[in-house]
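Number of protein chains: 2
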Amino acid sequence: MAENNYTFPHTIFTEYDKAHNVGVFTETTNHIYTEQTEYQRIDIYETPAFGKLFSLDGVIMTRDSDEFVYHEMISHVPLFIHPNPKKVLIIGGGDGGTVREVLKHDSVEKVVLCELDKKVVEAALKYLPNISYELKNPKVELVYEDGSKFVSQFKYEFDVILIDSTDPTEGEGGLLFTEKFYQNCFEALNENGVFSAQTEEPFLKKEWMVRAYRRISNTFNIARLYMGYVPQYMPGTWTWTFASKNLDPIKDFDPEKVKEFNKELKYYDEEVHVASFSLPVFVKKLISEFSK
Amino acid sequence: MAENNYTFPHTIFTEYDKAHNVGVFTETTNHIYTEQTEYQRIDIYETPAFGKLFSLDGVIMTRDSDEFVYHEMISHVPLFIHPNPKKVLIIGGGDGGTVREVLKHDSVEKVVLCELDKKVVEAALKYLPNISYELKNPKVELVYEDGSKFVSQFKYEFDVILIDSTDPTEGEGGLLFTEKFYQNCFEALNENGVFSAQTEEPFLKKEWMVRAYRRISNTFNIARLYMGYVPQYMPGTWTWTFASKNLDPIKDFDPEKVKEFNKELKYYDEEVHVASFSLPVFVKKLISEFSK
Numbered sequence: 001m002a003e004n005n006y007t008f009p010h011t012i013f014t015e016y017d018k019a020h021n022v023g024v025f026t027e028t029t030n031h032i033y034t035e036q037t038e039y040q041r042i043d044i045y046e047t048p049a050f051g052k053l054f055s056l057d058g059v060i061m062t063r064d065s066d067e068f069v070y071h072e073m074i075s076h077v078p079l080f081i082h083p084n085p086k087k088v089l090i091i092g093g094g095d096g097g098t099v100r101e102v103l104k105h106d107s108v109e110k111v112v113l114c115e116l117d118k119k120v121v122e123a124a125l126k127y128l129p130n131i132s133y134e135l136k137n138p139k140v141e142l143v144y145e146d147g148s149k150f151v152s153q154f155k156y157e158f159d160v161i162l163i164d165s166t167d168p169t170e171g172e173g174g175l176l177f178t179e180k181f182y183q184n185c186f187e188a189l190n191e192n193g194v195f196s197a198q199t200e201e202p203f204l205k206k207e208w209m210v211r212a213y214r215r216i217s218n219t220f221n222i223a224r225l226y227m228g229y230v231p232q233y234m235p236g237t238w239t240w241t242f243a244s245k246n247l248d249p250i251k252d253f254d255p256e257k258v259k260e261f262n263k264e265l266k267y268y269d270e271e272v273h274v275a276s277f278s279l280p281v282f283v284k285k286l287i288s289e290f291s292k
Numbered sequence: 001m002a003e004n005n006y007t008f009p010h011t012i013f014t015e016y017d018k019a020h021n022v023g024v025f026t027e028t029t030n031h032i033y034t035e036q037t038e039y040q041r042i043d044i045y046e047t048p049a050f051g052k053l054f055s056l057d058g059v060i061m062t063r064d065s066d067e068f069v070y071h072e073m074i075s076h077v078p079l080f081i082h083p084n085p086k087k088v089l090i091i092g093g094g095d096g097g098t099v100r101e102v103l104k105h106d107s108v109e110k111v112v113l114c115e116l117d118k119k120v121v122e123a124a125l126k127y128l129p130n131i132s133y134e135l136k137n138p139k140v141e142l143v144y145e146d147g148s149k150f151v152s153q154f155k156y157e158f159d160v161i162l163i164d165s166t167d168p169t170e171g172e173g174g175l176l177f178t179e180k181f182y183q184n185c186f187e188a189l190n191e192n193g194v195f196s197a198q199t200e201e202p203f204l205k206k207e208w209m210v211r212a213y214r215r216i217s218n219t220f221n222i223a224r225l226y227m228g229y230v231p232q233y234m235p236g237t238w239t240w241t242f243a244s245k246n247l248d249p250i251k252d253f254d255p256e257k258v259k260e261f262n263k264e265l266k267y268y269d270e271e272v273h274v275a276s277f278s279l280p281v282f283v284k285k286l287i288s289e290f291s292k
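Note that the protein sequences, when read in sequence, are chains A and B. Here the first sequence stands for residues 1 to 292, where the numbers follow UniProt numbering. Here the second sequence stands for residues 1 to 292, where the numbers follow UniProt numbering.
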């Protein structure tokens, strides 16, 4: 028995995509936190490969090792297009990673984070300090309610709105994927307003990607899909849709502003900004085939 | 018991990365082929999510649903840089996907495919017809031997060399990842020669990515890393390194040639060509930090 080199970890986190019968797994060394809240099950694990891993209903939301990709891309692409972003609304994103990136822009005076589940914010503050620390910044106002309802009360209020939501569910995909919701976001933005939403990915979730993109482009004057290398979200690619009332993410982009930026970024720069809008042929086809 | 909705598939393919204790899995409906050859274990499965899935020693090599990304990117990036590619050497790539893409260029008169394991070619021809069909093209010469040895006999012979290898193993990473091998490829290329090799990825395999890139850039006059969205290879991102004696993959790129190309491509176009060389900040750092 001295030859027994069995070292397979005894605790495995598995994310299982029931619709396709595929999944990913990773060793965990500690199940730090678990709670069934009013809305969902929250889990936080310690993992050797990815550091802290945070899941909702068994789906990875963020993890220490590579969360920077998603959080930088949802934030800096729109924020570098707005000439002077002061007031930002984030819907979802209770882990705080998007808030952290937004606050790297010195012009920002106020960030309203509207997260449905207070327990997500509390867990992030306690267990994910590298991601959540800016949630305590005095510029941040935390609101715990349904984002679709919250945004509907504003007209010409925000410079930037970011939709950092969970995946859509059955039917209409949850209130954060409806055309009515996107219309309310449009109305809550001021004249130079810019918007970015996570819009799924083109390999396993192309129907939802196309649907979200189409609804956003039906609502805004300008809408452009962009992509990134996001290993935390199976299958490793993710998209967002930039939208605005009048600003174009390429024509109105000034690479000098990024070169002069005084904060450290790990993924995004002026080259990545432009390249992320260059979509693979099959993705261009997917979003053009579906008529408005 | 009428309520029992248990539908979890009874047969699961798992790719397990022992170094990181992470992995991916997918349902299989048929284990079409399995053989332990002199070199490796070959398996081919039917999967609902990805069509036919081909693995070597338990690692996914290719699959119907998204193989086009890898095969287009390793082929068209260098082939569109060479002014008139006629003679092409592919090392590895016994599934035939790279041959298929190379032969979309009408200028190509001859493709030599040097694959170590004849059983890979035989299995691909029998079970992966959509990927392998061009292996029977009369322009193709099949050679079954060690690619590192094979390439060392040529001087100024090829216009294009593509290294479509498996992952590096321990130590030197296998003969297809040594500086000596890359030197032999350099010598086997003629004056306008271009080269592309798969060079792993920057999240889980950054050491190998950097090592391969550094060795190629030590050898060639021009070397540039490029990236793609490749879900078949965990964690969903992949890199290749373009290299050449004198041609630059951006300055010497003519987008008009791609626009006029008369074959259908699903991933690559003139925009993707340029964008794939725009690397995330952390990837730029990884390849610049390691000194030659």
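Backbone N, C-alpha and C define an ideal beta-carbon position, used for all residues, glycine too.
Around the C-beta of Asp-95(B), 16 or more other C-beta atoms lie within 10 Å, and the residue is accordingly described as buried. Taking 7 Å as the threshold, the shortest C-beta distance from Asn-137(A) to chain B does not fall below it. Runs of alpha helix (DSSP H) with 4 or more residues, each lying fully within the region 158-223 of chain A, are found at 179-188, 206-219, listed in chain order.
With fewer than 16 other Cβ atoms from the protein chains shown falling within 10 Å of its own Cβ, Pro-129(A) counts as exposed.
For Ser-288(A), no beta strand (DSSP E) run applies; the uninterrupted alpha helix (DSSP H) run containing it begins and ends at 281-289, by DSSP.
The closest CA to that of Glu-38(A), considering only Leu-103(A), Lys-119(A), Thr-98(A), is found on Lys-119(A). Among the residues facing chain A, Tyr-267(B) is included, as its CB has a counterpart in that chain under 7 Å away. Cβ atoms of Asp-17(A) and Met-227(A) stay farther apart than 8 Å, at about 20 Å. Per DSSP, the continuous alpha helix (DSSP H) segment holding Tyr-70(A) begins and ends at 67-79.
Contacts with chain B (Cβ-Cβ distance below 7 Å) from the region 11-23 of chain A involve His-20, Asn-21, Val-22, Gly-23, listed in chain order. Each residue's CA atom was taken as its position, placing Phe-177(B) and Val-151(B) some 13 Å apart. Below 8 Å, too few C-beta pairs join the region 242-262 of chain B and the region 61-71 of chain B to call them touching: fewer than three.
At a C-beta separation below 8 Å, Thr-166(B) has no neighbours in chain A, since its nearest C-beta there lies roughly 20 Å away.
Neighbours of Phe-261(A) in chain B, taken as residues at a C-beta separation under 9 Å, are lacking, since the least C-beta distance is about 11 Å.
Secondary structure at Thr-98(B): helix, using DSSP grouped into helix, strand and coil. Between Arg-224(B) and Phe-203(B) the beta-carbon gap is near 20 Å, outside 8 Å, which marks them as no contact.
Going by beta carbons, Pro-249(A) and Val-160(A) fall outside the 7 Å limit.
Using a Cβ distance threshold of 7 Å, Lys-87(B) and Phe-158(B) count as a contacting pair. Bounds of the alpha helix (DSSP H) holding Tyr-127(A) are 118-127.
For Pro-78(B), no CB of chain A lies under 7 Å from its own CB, so it is not counted at the interface with that chain. Between Pro-255(B) and chain A, the shortest Cβ-Cβ separation is not below 7 Å. Glu-115(B) carries a coil assignment under DSSP once its states are collapsed to helix, strand and coil. The C-beta of Asp-269(A) has 16 or more other C-beta atoms within 10 Å across all chains shown, which makes the residue buried. Taking 7 Å as the cut-off, the Cβ atoms of Tyr-127(B) and Ile-32(B) count as close.
For Lys-52(B), the enclosing beta strand (DSSP E) stretches over residues 51-56. Residues of chain B with a Cβ closer than 7 Å to the Cβ of Pro-235(A) are, in chain order, Pro-231, Gly-236. Membership of Gly-147(A) in the alpha helix (DSSP H) is indicated by the continuous run 147-151. Collapsing the DSSP output to three states places Ala-19(A) in coil. Listed along the chain, the chain A residues whose CB falls inside 9 Å of the CB of Glu-27(B) are His-20, Asn-21, Val-22. For Val-230(B), the secondary structure class from DSSP, reduced to helix, strand or coil, is coil.
In this structure, the beta-carbon distance from Pro-78(A) to Val-194(A) falls below 7 Å. Rounded to the nearest whole angstrom, the CA to CA distance from Glu-200(A) to Leu-125(A) is 26 Å. For the 7 Å CB-CB criterion, Thr-14(A) and Thr-28(A) do not form a contact. Between the alpha carbons of Tyr-45(A) and His-71(A) lies a gap of roughly 20 Å.
Relative to the Cα of Asn-30(A), the nearest Cα in the group Gly-51(A), Glu-187(A), Ala-19(A) belongs to Gly-51(A). Of all alpha-carbon atoms in Tyr-156(A), Leu-279(A), Thr-98(A), Pro-83(A), the one lying nearest the alpha-carbon of Ala-197(A) is that of Thr-98(A).
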